[in-house]
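A.B. asks: This structure is in structure tokens; I'll ask about it shortly.
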Amino acid sequence: MRNPLADKVVGIKPSGIRKFFDVVSEMPDAISLGVGEPDFDTPWHVREEGIYSLERGRTFYTSNAGLMELRTAISRYLYKKLDLHYDPKTEIVVTVGGSEGIDLALRAMLNPGDEVILPEPAYVSYAPCVTLAGGNTVTINLQEKNRFKLTAEELLDAITDRTKILILSYPNNPTGAIMTREDLEPIARIIQEKDIFVISDEIYSELTYGKNHVSIASLPGMQERTVVINGFSKAFAMTGWRLGYAAGPELIMEQMIKIHQFAIMAAPTTSQYAGVEALANGEDDVQEMRTSYNQRRRFVLDQFKQMGLQCFEPEGAFYMFPSISEFGMSSDEFATRFLEEEKVAVVPGTAFGECGEGFLRVSYAYSLEELKEALGRMAEFVRRLRAKKQAGDANRG
Amino acid sequence: MHNAILKMLENNSRIDLHDLAVMMGTDEAVIVEEIEKMEKDGVICGYPTLINWDKTTEEKVSAMIEVRVTPQRGQGFERLAERITNYPEVKAVYLMSGGYDFLVSLEGKTLKEVSMFVTSKLSTLDAVAGTATHFVLKKYKDHGIILIDKPQSSRMKVTL
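Put into structure tokens, the structure is as follows:
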């Protein structure tokens, strides 16, 4: 038999984190700080709207780009929240989660051999999607000393004649970093000078604590070269509904909608009706969830401080990215031992790129009680590691 | 600040005040002071525990009683309301708009005990023109807390 597989796909290495996941799933009594989704249920009025749409028999395809009602609501929302202006008729497509939007944008824009700059640590799907779209990923190792923001120097260093796209992902998973207008301005200047495009994944845009999210597309001259990815998963606790959207210049959107039409048809109709309700009446829910995340963020940060664990203060998403370099072991080793000895799952930083070595991703999308229990065990684990290290040092001395 | 503290306490009155302070980005001393002030001002009226008695061996019967009243000259509803609140078996008294005047929430050990209270104590009060007693068959949600067993969260342990 001939090899049925495509080399390009086989060449994508499965996430190294898989093995760790398997161990976790075989430990039913393990508690976890490893989840990348909200702990809230979708607000009831939103769920009800989904149910209602089913009751009324709204079980047919919508138009490819999504319900006009939903696209109009998205357009208004993007204007109100982020000062972005998109024509719902031609510049917005409703997708199956933000992930599909990323894939569409890359496939619509990349020619074989084009380079995509990816600042890491980053969410795991960007690089494989670049590969599948025929591009090459050029990574930038973001620095904790820069609070995991992308700097102009780092960007300039990574740009070559083949660079076509920069992927920006703020507020960031896994670091919780954000970029302010001042941070984005020099980046935007370089993007325009070098004639590059941006895919800006802003799925956590509602979850910032203190400073409002700024979209790079809202900076002068940037809308025409940016595809904004966003969605309902994080803002409205709707991960399982698989509902997102992409917004960008018509020139690009036209091609993205073409791929979407052939590969997907349309996002789930039930989810789209629920999405209309979320945008119309979900503002208070978002505010409440944001307040709650922020309270837990402060709590976890305080716990790390008490443990003496170094961690920069994240201002977005719902993750902490503490450094464990003092223990002289890899992220993977730390996470594995922590799981074995204390039965708590956290994600090794290396799951998000090599430069995540020496860090952990700790999610605080958990109840206060769960956080207390898990962090209590972490304090104990850290104390034990330090005691052992000290004993070892004393022996050598 | 007050309202933020109240919101947290409303959901969990036993929250550790140090944790509460950390979560609100302030000092414990500030929180303690604010709470004391609200207790004194009657904003915080108590810290009762929400108990699902159905899960205990204790027998309890609750009822909601609609009370129609002939208001007394010069006293309105206040005097009667005060009298009703004094009975220890009365858990809540509300003045209502609509078809009746007071809604009285009662708790007793048996149906008979509750009925006796209504017939011998409540309806014999001078200003009471009539009552309608509704026994509670099952409590699904009380004080914002769902009492029936909810399915376990289906959230996965680790996702990226």
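Quick mapping for you: the protein sequence lines, in order, are chains C and V.
The numbering of the first sequence is my numbering, which starts it at -17 and goes up by one.
The numbering of the second sequence is my numbering, which starts it at 99 and goes up by one.
Note that the Cβ used here is the ideal one computed from N, Cα and C, for glycine as well.
If you follow the alpha helix (DSSP H) that MET122 of chain V is part of, which residue opens it and which one closes it?
C.D. replies: From DSSP, the alpha helix (DSSP H) with MET122 of chain V extends over 115 to 122.
A.B. asks: DSSP three-state call for GLN285 of chain C: helix, strand or coil?
C.D. replies: helix
A.B. asks: Is MET99 of chain V buried or exposed, if buried means 16 or more other CB atoms sit within 10 Å of its CB?
C.D. replies: exposed
A.B. asks: Pull out every residue of the segment 121 to 149 of chain V whose Cβ sits closer than 9 Å to any Cβ of chain C, in chain order.
C.D. replies: Those would be MET121, MET122 and GLY123, in chain order.
A.B. asks: In three-state DSSP terms, what is THR121 of chain C?
C.D. replies: strand
A.B. asks: Return the CA-CA distance between GLU82 of chain C and ARG343 of chain C, expressed in angstroms with no decimal places.
C.D. replies: 24 Å
A.B. asks: When the Cα atoms are used, what is the spatial distance from LYS(-10) of chain C to LEU64 of chain C?
C.D. replies: 38 Å
A.B. asks: With a threshold of 16 other CB atoms inside 10 Å of the CB of GLN285 of chain C, please say whether the residue is buried or exposed.
C.D. replies: The residue in question, GLN285 of chain C, is buried, as its Cβ has 16 or more Cβ neighbours within 10 Å.
A.B. asks: Please say whether GLU97 of chain C and ASN118 of chain C have beta carbons closer to each other than 8 Å?
C.D. replies: yes
A.B. asks: Counting only beta-carbon atoms, is SER14 of chain C nearer than 8 Å to chain V?
C.D. replies: yes
A.B. asks: Any Cβ of chain V within less than 8 Å of the Cβ of GLY79 of chain C?
C.D. replies: no
A.B. asks: In three-state DSSP terms, what is SER313 of chain C?
C.D. replies: helix
A.B. asks: Counting only runs of 3+ residues fully inside the segment 307 to 374 of chain C, write out the beta strand (DSSP E) ranges in chain order.
C.D. replies: 342 to 345
A.B. asks: Just how far apart, CA to CA, sit SER313 of chain C and ALA104 of chain C?
C.D. replies: For SER313 of chain C and ALA104 of chain C, the distance between alpha carbons rounds to 16 Å.
A.B. asks: Alpha carbons only, please: which of C:PRO101, C:GLY290 and C:TYR152 is nearest the one belonging to GLU135 of chain C?
C.D. replies: C:PRO101
A.B. asks: Is the beta carbon of ARG166 of chain V sitting closer than 8 Å to the one on ALA119 of chain V?
C.D. replies: no
A.B. asks: Output the distance between the C-alpha atoms of VAL282 of chain C and ILE172 of chain C, rounded to the nearest integer angstrom.
C.D. replies: 37 Å
A.B. asks: Is LYS240 of chain C helix, strand or coil when you go by DSSP?
C.D. replies: helix
A.B. asks: Can you pull the chain V residues whose beta carbon is under 9 Å from the beta carbon of LEU357 of chain C, in chain order?
C.D. replies: Within chain V, no residue comes near LEU357 of chain C; the closest Cβ sits about 11 Å away, beyond 9 Å.
A.B. asks: Return the CA-CA distance between GLY32 of chain C and THR252 of chain C, expressed in angstroms with no decimal places.
C.D. replies: 5 Å
A.B. asks: Step through the CB atoms of chain V and report whether any lies within less than 8 Å of the CB of LEU350 of chain C.
C.D. replies: Chain V, which has a Cβ nearer than 8 Å to the Cβ of LEU350 of chain C, makes this yes.
A.B. asks: Would you kindly work out how many angstroms separate the C-alpha atoms of LEU233 of chain C and HIS67 of chain C, rounded to a whole number?
C.D. replies: 15 Å
A.B. asks: With three or more beta-carbon pairs closer than 8 Å as the criterion, would you say the segment 288 to 296 of chain C touches the segment 31 to 45 of chain C?
C.D. replies: no
A.B. asks: Report the partner residues of ASP183 of chain C according to the DSSP bridge assignment.
C.D. replies: In the DSSP output, where bridge partners are listed per residue, ASP183 of chain C has C:ILE211.
A.B. asks: Looking only at its own chain, which residues have a Cβ that is under 6 Å from the Cβ of ILE160 of chain C, when we skip the five neighbours before and after it?
C.D. replies: TYR152, PRO153, THR190, GLU297 and GLY298
A.B. asks: Does the separation of the CB atoms of MET271 of chain C and PHE2 of chain C fall below 8 Å?
C.D. replies: no
A.B. asks: Along chain C, in chain order, which residues have C-beta atoms closer than 9 Å to that of MET84 of chain V?
C.D. replies: A question about residue 84 of chain V goes unanswered here, because the residues of chain V that appear run from 99 up to 258.
A.B. asks: Given 8 Å as the limit, is there contact between the segment 329 to 340 of chain C and the segment 348 to 358 of chain C, that is, 3 or more CB pairs closer than that?
C.D. replies: no
A.B. asks: Flag ARG29 of chain C as yes if its beta-carbon sits less than 8 Å from any beta-carbon of chain V, otherwise no.
C.D. replies: no
A.B. asks: For chain V, is any of its Cβ atoms less than 8 Å away from the one on GLU19 of chain C?
C.D. replies: yes
A.B. asks: Can you give me the C-alpha to C-alpha distance between ALA190 of chain V and GLU131 of chain V, rounded to a whole angstrom?
C.D. replies: Rounded to whole angstroms, ALA190 of chain V to GLU131 of chain V spans 29 Å at the Cα level.
A.B. asks: Tell me which residue opens and which closes the beta strand (DSSP E) that ARG181 of chain V is part of.
C.D. replies: It is not in any beta strand (DSSP E) - ARG181 of chain V instead sits in the alpha helix (DSSP H) that spans 176 to 184.
A.B. asks: Which residues does DSSP list as the beta-bridge partners of MET302 of chain C?
C.D. replies: C:VAL344
A.B. asks: Would DSSP call ILE33 of chain C helix, strand or coil?
C.D. replies: helix
A.B. asks: In terms of alpha-carbon separation, which member of C:MET235, C:ASN212, C:GLY230 and C:PRO231 lies closest to ARG224 of chain C?
C.D. replies: C:ASN212
A.B. asks: Counting only C-beta atoms, is PHE320 of chain C closer than 8 Å to chain V at any point?
C.D. replies: no
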